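Accompanying notes for the structure given below.
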Amino acid sequence: AQSVTQLDSHVSVSEGTPVLLRCNYSSSYSPSLFWYVQHPNKGLQLLLKYTSAATLVKGINGFEAEFKKSETSFHLTKPSAHMSDAAEYFCVVSAHGQNFVFGPGTRLSVLP
Amino acid sequence: DAGITQSPRHKVTETGTPVTLRCHQTENHRYMYWYRQDPGHGLRLIHYSYGVKDTDKGEVSDGYSVSRSKTEDFLLTLESATSSQTSVYFCAIGSVSADTQYFGPGTRLTVL
Chain A
1 AQSVTQLDSH
11 VSVSEGTPVL
21 LRCNYSSSYS
31 PSLFWYVQHP
41 NKGLQLLLKY
51 TSAATLVKGI
61 NGFEAEFKKS
71 ETSFHLTKPS
81 AHMSDAAEYF
91 CVVSAHGQNF
101 VFGPGTRLSV
111 LP
Chain B
113 DAGITQSPRH
123 KVTETGTPVT
133 LRCHQTENHR
143 YMYWYRQDPG
153 HGLRLIHYSY
163 GVKDTDKGEV
173 SDGYSVSRSK
183 TEDFLLTLES
193 ATSSQTSVYF
203 CAIGSVSADT
213 QYFGPGTRLT
223 VL
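Heads up: the protein sequence lines correspond to chains A and B, in order. When we follow the working numbering, the leftmost residue of the first sequence carries the number 1, and every step to the right adds one. When we follow the working numbering, the leftmost residue of the second sequence carries the number 113, and every step to the right adds one.
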């Protein structure tokens with residue numbers, strides 16, 4: 001069985017400051033992990049994915065995430081927030097490419 | 113959106129009527145998925161397909177059926193729509209390895 005916990009339902013940062021969106025997972029197998037972003041009234045766009053290669057994964061738009069097996073975490077970070085980063089972010093876990101399980105989402109607000 | 117279209121994009125219907133949503137892909141991917149998105153739940157899998165005429169149930173399949181007669185099309189049918197099926201529905205596709213999913217733009221369905 002797999003599950004995902006996104007520890008914050010809403011995160012608010014000022015433009016130019018760092019972003020940290022937290023994700024913890026549970027999986028019976030070696031997991032694949034993903035972050036997707038959803039802008040208002042849009043579909044989901046893949047930000048980055050971890051599939052058992054390098055534990056530090058770089059994605060689009062300056063985002064990156066680090067897979068920490070000992071902590072069962074896959075937190076998403078960005079050094080400097082931009083107004084266009086305001087969106088909903090979903091952490092996702094899967095095993096063997098099957099059964100994608102989504103977290104409930106974290107809404108990121110970026111203040112000017 | 114990786115060559116995925118959904119139709120209709122918006123639909124309002126009445127309780128008890130049948131509704132069919134269509135997902136069309138131009139990527140020739142083997143795997144196709146239907147999700148629903150509700151506040152606080154992230155995305156939940158309704159049904160998925162791993163090939164033409166091969167489908168299986170997801171987490172929230174009650175009240176839904178699917179069909180896949182061609183690689184490029186995956187239909188979701190609400191046999192008798194209920195107000196609890198008011199949601200945003202997303203289609204996704206995955207490659208042979210199915211290690212990543214790509215999402216369509218979504219269909220907003222309102223059942224009155």
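Glycine included, every Cβ here is placed at the ideal spot set by N, Cα and C. In this text, all values refer to a predicted model and were calculated from it rather than measured experimentally.
- For chain B, find out if any of its Cβ atoms is closer than 8 Å to the Cβ of T51 of chain A; answer yes or no. At least one CB of chain B lies nearer than 8 Å to the CB of T51 of chain A.
- Query: Do you know offhand how far T117 of chain B's Cα is from A65 of chain A's?
  - Reply: Distance between T117 of chain B and A65 of chain A, taken at the CA atoms: about 30 Å.
- Residues of the stretch 152–176 of chain B with Cβ closer than 8 Å to any Cβ of chain A, in chain order: Residues G152, H153, G154, L155, R156, L157.
- Query: When the distance is taken between beta carbons, is Y29 of chain A closer than 8 Å to A95 of chain A?
  - Reply: The answer is yes: Cβ separation under 8 Å.
- Integer-rounded CB distance, given that T198 of chain B should sit under 8 Å from L133 of chain B: Approximately 13 Å separates the beta-carbon atoms of L133 of chain B and T198 of chain B; this is outside 8 Å, ruling out the contact.
- Under a Cβ-count criterion, where at least 16 other Cβ atoms within 10 Å of its own Cβ denotes burial, should V124 of chain B be classed as buried or exposed? Only exposed fits V124 of chain B, as fewer than 16 other CB atoms lie within 10 angstroms of its CB.
- Listing by chain order, which chain B residues have their CB less than 7 Å from the CB of G43 of chain A? Correct list: D113, F202, F215, G216, P217, G218.
- Starting from the C-beta of G122 of chain B, find all residues in its chain whose C-beta is less than 6 Å away, skip the five residues before and the five after it, and write them out in chain order. Reading off the sequence shown, one finds His at residue 122 of chain B, where the question assumed Gly. Excluding residues within five positions, the ones whose Cβ falls inside 6 Å are R220.
- With burial defined as no fewer than 16 other Cβ atoms inside 10 Å of the residue's Cβ, what is the status of V164 of chain B: buried or exposed? With fewer than 16 Cβ atoms within 10 Å of its Cβ, V164 of chain B is classed as exposed.
- Message: Helix, strand or coil for Q2 of chain A? Go by DSSP, reduced to three states.
- Response: Per DSSP, reduced to three states, the secondary structure at Q2 of chain A is coil, with no helix or strand assignment.
- F67 of chain A: contacting residues in chain B (beta-carbon distance under 7 Å): What F67 of chain A touches in chain B, judged by beta-carbon distance under 7 Å, is nothing: the nearest beta carbon there is about 15 Å away.
- Message: Could you pull the DSSP bridge partners for T219 of chain B from this structure?
- Response: Per DSSP, B:Y201.
- From the DSSP output, which residues share a beta bridge with D150 of chain B? Beta-bridge pairing links D150 of chain B to B:G154.
- Item | Cα-Cα separation between H141 of chain B and G216 of chain B, rounded to whole angstroms | When rounded, the distance between both Cα atoms is 13 Å.
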